[in-house]
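To start, the structure under review is shown below, and the notes come after it.
Numbering (the working numbering), first residue to last: 58 to 332.
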């Protein structure tokens, strides 16, 4: 083989190598997560075999229960009920909390007046709000969703208030000079600056809301993952409790990976990426 032949093949070989390295780099996070979860399942299985008890079932038993509940349709029915409540409470909490937080962050006088209210609601236990909502409004769907939203709204207010305080006034002056419409001000001035605060509030909000929804369902609903956990707690069926818990956690992880993160990347596409 001549030197010329070697030089002619070098670019193609380099491109193939780069392509393989790129695919390997892209697969590394998924492989790491898979290996990590398999290691956790192995550790769980070893612990369950070492301590054989109905109170500590192994992953195989939990998987069998998961398949049984899925085959009967109960798993998807109760997951759907819980997801519906999570979505409704999330939308209400984000809209109401964001509006209040931005107003408090924009008007110092209102912030001083209502700040004790925010602190008060931040420190009221979620259980108290849930119980009072059921007592005042009955064991209804509106009371359940409202109780969850009220528990989350103060957290949204605090985060969005800080975001409103950090707004750059020069952008507002630019919008006034170029006579932006109110919609353009929100779209091009307000939302891009508040995006980090919205993203952080949204991510923590979903995690908090679904936990509170389980308590709401446990105390006063006749369906949902929380209701099923309460039912199987009475039957001392730990495998079923873990099956429903892990199923819902898996759903939330899928939402995080397929919905939350892509939306966040799309919203921050204008930001400069590190080299």
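Backbone N, C-alpha and C fix where the C-beta goes; we use that ideal spot for every residue, glycine too.
Model, not experiment: these values are computed from the prediction.
Indicate whether the contact test is met: 3 or more Cβ pairs, each with one atom in the stretch 163-171 and one in the stretch 137-149, closer than 8 Å. No contact exists between the stretch 163-171 and the stretch 137-149.
Distance CB(residue 273)-CB(residue 283) smaller than 8 Å: Yes. Within cutoff.
What residue range does the alpha helix (DSSP H) around residue 132 cover? Residues 131-163.
Work out the CA separation of residue 217 and residue 137 for me, nearest whole Å. When rounded, the distance between both Cα atoms is 30 Å.
Taking only the alpha-carbon atoms, compute the straight-line gap between residue 188 and residue 310 and give it to the nearest angstrom. Looking at the two C-alpha atoms, the distance is approximately 29 Å.
Using 8 Å for Cβ pairs, my map puts residue 162 next to residue 221. What's the rounded Cβ distance? Confirmed, about 3 Å.
Ordered along the chain, which non-local residues of its own chain (more than five positions away) have a Cβ less than 7 Å from that of residue 118? The answer, listed in chain order, is 296.
One question on the structure: do residue 152 and residue 208 come within less than 8 Å of each other, judged by their Cβ atoms? Going by C-beta atoms, residue 152 is not nearer than 8 Å to residue 208.
In chain order, which continuous runs of the alpha helix (DSSP H) of length 4 or greater are located wholly inside the stretch 194-243? Along the length of the stretch 194-243, whole alpha helix (DSSP H) runs at least 4 residues long occupy 198-222, 226-234, reported in chain order.
Take the Cβ of residue 248 as the centre, count every other Cβ of all protein chains shown within 10 Å, and call the residue buried at 16 or more, exposed below. Residue environment for residue 248: exposed (fewer than 16 other C-beta atoms within 10 angstroms of its C-beta).
Have a look at 299, 165, 196, 205 and flag the residue whose alpha-carbon is nearest the alpha-carbon of residue 183. Selection 299, 165, 196, 205 evaluated against residue 183 yields 205 as nearest (Cα-Cα).
Buried versus exposed, by CB contacts within 10 Å (16 or more), residue 213: Buried, by the Cβ-count rule.
Tell me whether residue 279 sits in a helix, a strand or coil according to DSSP, three-state version. Here residue 279 sits in coil by DSSP.
Closest by C-alpha distance to residue 254, when choosing among 215, 290, 291, 227: When each option's Cα is compared against that of residue 254, the closest is 215.
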